[in-house]
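Protein chains in written order, with the working numbering: chain A, 1 to 355; chain B, 356 to 454; chain C, 455 to 828.
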């Protein structure tokens, strides 16, 4: 079923059944209707769906944009599918755009593979697909190919998405997790932990009411701004699962430097702080979907911050620490009194510490 | 053990069930107020009161006078320390070249 | 955040640390050992590491991290019992998040969940009761866990269930009480603790009177402390001042939350719903008389142990662990032969590696500034 977006000869029919069934993945007309009515309808507005089993790109046009191809993939299984500030569709588009962009690439196109549990309301699927199309269009990235599978009830949880993306890396730009040097400054583009707190709360088990929304956003434009202001940028990573703490630990290890953070400089929304205080969580480990950690040479740090703060996705940008030669491989938080603690990787998920 | 956090009661959600809504930095949660209610007064008296919240229960009223008294003792210790005000500065300078 | 931020003021901390330095230097004269202060409560242990307080204090002061982490001291056999209940098909097992990773002899609740048990993480026992209301066809069992702070919340939930006639709700009661355990510690020969930072949130329930024996019979000061870093530093200073004056008293630094008499409504619910067990086993410390409670006869219908014939498995602590000695301050975590090797937060062997409030896990994760440093 490699050509879900291929155009059929007969006029597309609307899907009228309320729920997705196994027939919608069976390769017959039901599947064709689902693809044409739900996916093609939404995505053709966003780009140019391939009339073939694969999308094709003009190499010369790509080569004109930079000197290397970036290629990445990510799977999305978030529960619940819809949460304040976004849904699985916005995540799937933003996540892959961001994975391309933090490598210094300009995103070009995405694919989308969809695994649907039978019984999913068609309306739910339409909403997710509409979010994907809207997010991709706003980001100026096309969804050009894809695949759809329907599995028996219980074989997956409602809806899983996988997006794969290609982009072109700017000529000469060389960022990487091993490129940090002592003296460099660690920046984040805004308030940390919103997505993780929003998801944990949206699951509803904790019966808390918060105004916290996911920060889900495509970051490629913000990264353009950063590279213009700080061409010497050494490293960029979106701080998703494991939060900023995970990125900084990887950086410390790969660059063989120490990372020294200042607790007072870590930007947090008061509600996320309250949420973490109630549940005994550490916001540094909460996931983000619209925040990146960047490492820049000290002489470019102020320009980078100024440029970010002028951008809507970087208003609350902050310098949260610096790289040092001491204690390579370790992330150390300087607490508000000048005490210190080590910020290690977590073993598994952070669980509320209640008792 | 025993994570507890100060919050402010903002509404009575179910007076018969002794449930109220508490606000912690903009995060709200329904809590049991049996341990902080006064038998002689209506529950509405709790609105605006700061309480210590533990696992969904308001466990103690926070005594603002006692808090002020503790801070006063602390301030006196601080006054003995000449450098105290000098230490009340903002963030360490991470961006020295910019100044 | 009000009543929090004021007690995190770095300038106040600096002043307190200076005072502590002056006083501890004076106290040190003639002493062979550092001044050992036990913070009883795991919440205090967590705060000490979170704010890096150990590294800011003079070397003459040593925190000994006490037994007040209910998740850590839960014996393996009780976790096995939990898993046995949770694995029953009719059961929804509701638990606080941090209890999910505690290893039993076969598996943790997290592993049982992965294998199909219906284990739900809740913030409050009230949420477990709500699960029972919403799932009348299922048996909802709440994992009652914690010291005197948490005991009233479970008791009040049982009373609520009784009032509403919710028959499909029960509690697997593992509540424990700190006072007999403090006495057991103090009765050990060569117990080298000079003073105690008392558990603030336990005390808001029980008040300050139950600690009097510590001063009167054992001549040690205890200061009931709040959980912010300034609270801890001020309490430490209060202990040192008592020591300098040759006194041993019970003081209350946390008067904003802790009334001297405790909370009468909470104590009433506790007295109504629980009775002491003859003895209860603590991981790392063994059996301690009168340290556990179970539901009283009138509330027997809400007792999961009576409802579901619990296997009541007894499992010995792993032989290599030195948790008991770490808990009493006799050895430091990194002196244990399995610390960081056979016993890590991924695969904890001993009690103290289990929760982030456990002394070993705290050292492992945050890195002891003095001994176990990176």
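C-beta atoms are modelled at their ideal positions from N, C-alpha and C, and glycine is treated no differently. All values derive from a computational prediction rather than experimental measurement.
Interface flag, residue i vs chain C, CB-CB below 8 Å
i: residue 358/B; result: yes
i: residue 347/A; result: yes
i: residue 411/B; result: yes
i: residue 335/A; result: yes
i: residue 273/A; result: yes
i: residue 370/B; result: no
i: residue 344/A; result: yes
i: residue 351/A; result: yes
i: residue 367/B; result: no
i: residue 456/B; result: Since the first and last residues shown for chain B are 356 and 454, residue 456/B lies out of range.
i: residue 422/B; result: yes
Short CB-CB distance (under 8 Å) between residue i and chain B
i: residue 824/C; result: Any answer about residue 824/C is weak, because its pLDDT of 39 lies below 50 and its placement is not dependable; what the coordinates show is given next. Output row for residue 824/C: interface = no.
i: residue 628/C; result: no
i: residue 581/C; result: yes
i: residue 270/A; result: yes
i: residue 775/C; result: no
i: residue 280/A; result: yes
i: residue 326/A; result: no
i: residue 52/A; result: no
i: residue 263/A; result: no
i: residue 47/A; result: Confidence is the limiting factor: at residue 47/A the pLDDT is only 46, short of 50, which leaves the residue's position unreliable, though a coordinate-based value still follows. It does not; no Cβ of chain B falls within 8 Å.
i: residue 36/A; result: no
C-alpha gap between residue i and residue j, whole angstroms
i: residue 105/A; j: residue 69/A; result: 8 Å
i: residue 102/A; j: residue 229/A; result: 15 Å
i: residue 571/C; j: residue 315/A; result: 45 Å
i: residue 176/A; j: residue 235/A; result: 5 Å
i: residue 447/B; j: residue 259/A; result: With a pLDDT of 41 at residue 447/B, under the threshold of 50, the predicted position of this residue should be treated as unreliable, though the coordinate-derived value follows. Spanning the two alpha carbons is a distance of roughly 15 Å.
i: residue 353/A; j: residue 579/C; result: 14 Å
i: residue 145/A; j: residue 73/A; result: 14 Å
i: residue 46/A; j: residue 153/A; result: Confidence at residue 46/A is low in this model, with a pLDDT of 44, below 50, so its placement is unreliable and no value can be given for it.
i: residue 627/C; j: residue 814/C; result: 26 Å
i: residue 396/B; j: residue 722/C; result: 19 Å
i: residue 526/C; j: residue 647/C; result: 21 Å
i: residue 48/A; j: residue 214/A; result: Confidence at residue 48/A is low in this model, with a pLDDT of 48, below 50, so its placement is unreliable and no value can be given for it.
i: residue 455/C; j: residue 266/A; result: 16 Å
i: residue 582/C; j: residue 604/C; result: 14 Å
i: residue 547/C; j: residue 563/C; result: 9 Å
i: residue 188/A; j: residue 84/A; result: 22 Å
i: residue 400/B; j: residue 394/B; result: 11 Å
i: residue 281/A; j: residue 349/A; result: 11 Å
i: residue 207/A; j: residue 411/B; result: 10 Å
Interface flag, residue i vs chain A, CB-CB below 8 Å
i: residue 380/B; result: yes
i: residue 406/C; result: This structure cannot settle anything about residue 406/C, because the visible part of chain C is limited to 455 through 828.
i: residue 383/B; result: yes
i: residue 522/C; result: no
i: residue 565/C; result: no
i: residue 467/C; result: yes
i: residue 462/C; result: yes
i: residue 374/B; result: no
Identity of the residues DSSP links to residue i by a beta bridge
i: residue 188/A; result: 293/A and 318/A
i: residue 159/A; result: 116/A
i: residue 598/C; result: 627/C
i: residue 149/A; result: 115/A
i: residue 736/C; result: 740/C
i: residue 121/A; result: 19/A
Any residues in the stretch 674-707 of chain C with a beta carbon nearer than 8 Å to a beta carbon of chain B? Which ones, in chain order? 681, 684, 688, 691 and 707
Short of 8 Å Cβ to Cβ, which residues in the stretch 183-214 of chain A face chain C? Here the close residues are 205, 206, 207 and 208.
Residue ranges of each alpha helix (DSSP H) run of no fewer than 4 residues wholly in the stretch 513-537 of chain C, ordered along the chain? none
Which residues, in chain order, does the stretch 630-660 of chain C contribute to contact with chain B at a C-beta distance below 9 Å? 632, 653, 654, 655, 656, 658 and 659
Against chain C: residues of the stretch 284-297 of chain A by CB proximity under 9 Å: none
Complete runs of the alpha helix (DSSP H) confined to the stretch 739-778 of chain C [at least 4 residues]: 758-761
What are the residues of the stretch 396-420 of chain B that lie near chain C, defined by any Cβ-Cβ distance shorter than 8 Å? 405, 407, 409, 410, 411, 412, 414, 415, 417, 418 and 419
Which residues, taken in chain order from the stretch 494-511 of chain C, show a beta carbon closer than 7 Å to some beta carbon of chain A? 503, 504, 505, 506, 507, 509 and 510
Counting only Cβ-Cβ distances shorter than 9 Å, please list the residues of the stretch 540-569 of chain C near chain A, keeping chain order. 550, 551, 552, 553, 554, 555 and 564
May I have a chain-ordered list of the alpha helix (DSSP H) segments no shorter than 4 residues that lie completely inside the stretch 193-275 of chain A? 194-202, 220-229 and 243-255
May I have a chain-ordered list of the alpha helix (DSSP H) segments no shorter than 4 residues that lie completely inside the stretch 56-97 of chain A? 59-63
Please name the residues in the stretch 786-808 of chain C whose beta-carbon is closer than 7 Å to at least one beta-carbon of chain A, in chain order. 799 and 800
Every unbroken alpha helix (DSSP H) within the stretch 682-742 of chain C, with a cutoff of 4 residues, ordered by chain: 683-698 and 718-727
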